[in-house]
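Peer 1:
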Amino acid sequence: MITKLVVFIDSAVVGHLWLDEKKFFCFQYHENWLQTSAIPLSLSLSLRSEPYVADESHAFFANLLPEQKIRQVIARNLGVSPHNDFGLLEKIGGDCAGAVSLYPDGVQSTAEMTYTAVSTQELAHIIKELPQKPFLAGESGFRLSLAGVQNKLPVFYSEGQFALPQGGAPSNTIIKPPIETLDGTVENEAFCMALASAIGLPVPNSFIHDLDDSRIFAIERYDRAESEDGLKRVHQEDFCQAMGTLPEYKYEH
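Letter by letter, the sequence shown follows residues 67 to 319 of the working numbering.
#1: Could you give the first and the last residue of the continuous beta strand (DSSP E) run that contains E286?
#2: Between A203 and K135, is the Cβ-Cβ spacing less than 8 angstroms?
#3: Does the separation of the CB atoms of I241 and I282 fall below 8 angstroms?
#4: Using only the alpha-carbon positions, how far apart do E318 and M309 sit?
#5: Please name the residue in A120, P170 and N238 whose C-alpha comes closest to that of Y223.
#6: Name the residue from N217, Y288 and A284 whose alpha carbon lies nearest to the alpha carbon of T247.
#7: Taking the alpha carbon of Q307 as the point to measure from, which residue in C162, V252 and L130 has its own alpha carbon closest?
#8: Tell me the residue span of the beta strand (DSSP E) that contains T182.
#9: Out of E303, F127 and V146, point me to the one whose CA is closest to L312's CA.
#10: When the Cα of S115 is compared with those of E133, F93, P132 and L109, which residue comes out closest?
#11: How big is the Cα-Cα spacing for L109 and A165?
#12: For S147, write down the residues that DSSP places opposite it in a beta bridge.
#13: Check the DSSP bridge columns for H275 and list the partner residues they point to.
#14: What is the DSSP secondary structure of S77, counted as helix, strand or coil?
#15: In the DSSP assignment, find the unbroken alpha helix (DSSP H) run with T251 in it and report its ends.
As structure tokens, this is what we get:
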């Protein structure tokens with residue numbers, strides 16, 4: 067039996083993703099999406115009724131996943147091969163970059179949306195454990211994913227309180243601990259954002275938050291927006307996705 071993942075933009079079904087007998091990625095837009103929407107999932111995946119086969123869609127979806135050491139730790143924690151992009155998306159492809167989320171067929175993307183508030187002490191413990199538990203992968207209720215090689219965590223932040231999104235709930239903030247092998251990364255990111263703002267560039271809100279024995283850099287997600295119906299995901303893609311470039315080639319140019 068073929069395992070299919072349902073691909074959503076926010077809460078709307080865009081299409082289905084599956085692997086063929088050669089383990090190639092296959093993606094097909096849902097007919098309702100084609101009839102009611104004019105937004106392609108990616109510039110590399112224009113709207114059409116025919117499926118994208120033979121790994122044509124692989125690059126877009128692979129670029130939703132963490133990379134390098136973080137990816138390896140997540141794969142080990144989940145009992146999935148680090149080379150199995152589909153398996154990783156099945157496990158952690160809930161709250162991703164942009165408005166895209168993926169769930170196994172038959173699982174509702176918004177079935178149990180909740181936010182669990184965490185204290186400063188609890189957050190400090192989570193941050194300390196991130197190298198061993200990136201994106202809280204393997205913990206019940208968490209399906210979080212962002213590309214990149216730096217430890218980070220999508221959270222919900224409001225009125226001074228941090229909370230963890232579960233059950234398909236969208237995050238609105240990304241927090242980043244210091245990089246162990248580099249000095250001053252938290253302060254450097256905060257300075258660069260403040261400098262960009264000072265010269266008139268549009269930048270998300272950001273701040274440094276002190277924990278018990280460390281500090282983190284927190285930045286508002288530009289791919290989230292408040293609406294009358296609550297927090298909404300905003301669709302976006304990076305140049306690798308738009309150009310159909312796999313993650314392993316993104317640092318070559």
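Just so you know, even glycine gets a beta-carbon here, dropped at the ideal spot from N, CA and C.
Peer 2: Let me spell this out:
#1: R281 to E286
#2: no
#3: yes
#4: 14 angstroms
#5: N238
#6: N217
#7: L130
#8: T180 to V184
#9: F127
#10: F93
#11: 15 angstroms
#12: Partner(s): none; S147 has no beta bridge.
#13: I282
#14: coil
#15: T251 to A264
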